[in-house]
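In terms of our numbering, the sequence shown is residues 19 to 283. Positions of the beta carbon are idealized from the N, C-alpha and C atoms, including for glycine.
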Amino acid sequence: MKLPQLPNELTDFQPELGLILGSGLGFFADDRIEVVGRLAYGEIEGFPVSTVPGHAGQFVYGTLEGKRVICMQGRFHFYEGYQMSELTLPIRLMHHMGVHTLFVTNAAGGINRDYVPGDFMMLSDHINFLGTNPLIGWGGDGGVRFPDMSEVYNGALRSKIRAWAQAHGVDLKEGVYLATTGPSFETPAEIRAFASLGADAVGMSTVPEAIVARKFGMRVLGISCITNAAAGISKTELSHEEVSETADRVRPQFADLLAAGVKLA
Numbered sequence: 019m020k021l022p023q024l025p026n027e028l029t030d031f032q033p034e035l036g037l038i039l040g041s042g043l044g045f046f047a048d049d050r051i052e053v054v055g056r057l058a059y060g061e062i063e064g065f066p067v068s069t070v071p072g073h074a075g076q077f078v079y080g081t082l083e084g085k086r087v088i089c090m091q092g093r094f095h096f097y098e099g100y101q102m103s104e105l106t107l108p109i110r111l112m113h114h115m116g117v118h119t120l121f122v123t124n125a126a127g128g129i130n131r132d133y134v135p136g137d138f139m140m141l142s143d144h145i146n147f148l149g150t151n152p153l154i155g156w157g158g159d160g161g162v163r164f165p166d167m168s169e170v171y172n173g174a175l176r177s178k179i180r181a182w183a184q185a186h187g188v189d190l191k192e193g194v195y196l197a198t199t200g201p202s203f204e205t206p207a208e209i210r211a212f213a214s215l216g217a218d219a220v221g222m223s224t225v226p227e228a229i230v231a232r233k234f235g236m237r238v239l240g241i242s243c244i245t246n247a248a249a250g251i252s253k254t255e256l257s258h259e260e261v262s263e264t265a266d267r268v269r270p271q272f273a274d275l276l277a278a279g280v281k282l283a
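Structure below.
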């Protein structure tokens, strides 16, 4: 898939760090970034658009903690009907612009029974349960054809953020994220199966972006906001509204954690 043409204002900005903001987490771009410019996805020829509530659908670029950052205020999902090449196109663009570090955030369901809604989980690893891989049929654009995935989420970055969380009294969990296609939430039987595989949280994103970022040698950090207990863990009916409400409730804590991560990167 050919890379689309971007405005000179954005390419000349030369961002060094990329941020992907998950469901209900888009506020971070407005609250914390010293904005230089915005570019709606719909203004980029051939670019996907966000179709899910809680995803504004634009790039926001500016400075944060002394670093030049580009932020996806809204991402794309496999369940929206996009091909893997389309939903990971932003990562290719970021790499092309010079981004070397990618922070991926998401809203996730807690499988680990020690997790409660409002917790944050730093990804130590992931399980790809999407039934496909974004690198299938793709050999171009440079990068590694067969990227090593033994440490998708950068250990040095995780150590720094873990130390920051301990010093500031933040109860930062660390665990394994499992990605499903969605858009239906998982069944209790599926959650029991995922728990037996070692998953601590489940969601519908993140893994494709992380895989493509590693192809290009980017450092990757993943943070989940646990917005609900997964099916069968809680007896409540799951809804997207609950996801957004929980994300909004922990807004200041999430912003502090992510800003600290950017500063330490």
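query, result
"I'd like to confirm the pairing. Which residues does DSSP put opposite SER262 in its beta bridges?", "Answer is none; SER262 lacks a bridge partner."
"Evaluate the contact criterion for the stretch 89–108 versus the stretch 55–72: three or more CB pairs, one atom per stretch, below 8 Å.", "yes"
"Can you name the residues that DSSP bridges to GLU192?", "MET140"
"Check the C-beta distance from LEU82 over to VAL280 and give it rounded, since I have them as a contact under 8 Å.", "5 Å"
"Residues in the same chain with beta-carbon distance under 7 Å from THR150, minus the five sequence neighbours each way, listed in chain order, please.", "MET102"
"Does the count of Cβ pairs from the stretch 41–53 and the stretch 129–142 closer than 8 Å reach three?", "no"
"Ignoring anything shorter than 3 residues, give me the beta strand (DSSP E) runs that lie fully in the stretch 22–78, in order along the chain.", "35–39, 52–58"
"Taking LYS296 as part of the alpha helix (DSSP H), name the residues at either end of that continuous run.", "In this structure the chain extends from 19 to 283, so residue 296 is not present and cannot be described."
"Could you check the C-alpha separation between TRP182 and ALA231 for me, to the nearest Å?", "25 Å"
"Can you tell me which of TYR195, ILE179, SER168, ALA247 puts its alpha carbon nearest to the alpha carbon of THR205?", "ALA247"
"Our contact map puts HIS95 next to MET222 with C-beta atoms below 8 Å; I'd like the distance itself, whole angstroms only.", "6 Å"
"At which residue ranges does the stretch 86–126 contain complete alpha helix (DSSP H) runs of 4 or more residues, listed in the order of the chain?", "102–105, 107–115"
"Mapping the DSSP letters down to three states, classify ILE251 as helix, strand or coil.", "coil"
"Tell me the rounded alpha-carbon separation between GLU255 and GLY40.", "21 Å"
"Can you name, in chain order, every residue of its own chain whose Cβ lies under 7 Å from the Cβ of LEU21, other than the five neighbours on each side?", "ARG110, LEU111, HIS114"
"Cβ atoms of VAL170 and ALA228: under 8 Å apart, would you say?", "yes"
"If you run the structure through DSSP and keep just helix, strand and coil, what is SER242?", "strand"
"Per DSSP, what kind of secondary structure is ARG237 in: helix, strand or coil?", "strand"
"Round the Cβ separation of VAL117 and ASN172 to the nearest angstrom and send it over; I've been treating them as touching at under 8 Å.", "Not quite, the Cβ-Cβ distance comes to about 14 Å (not below 8 Å), so this is no contact."
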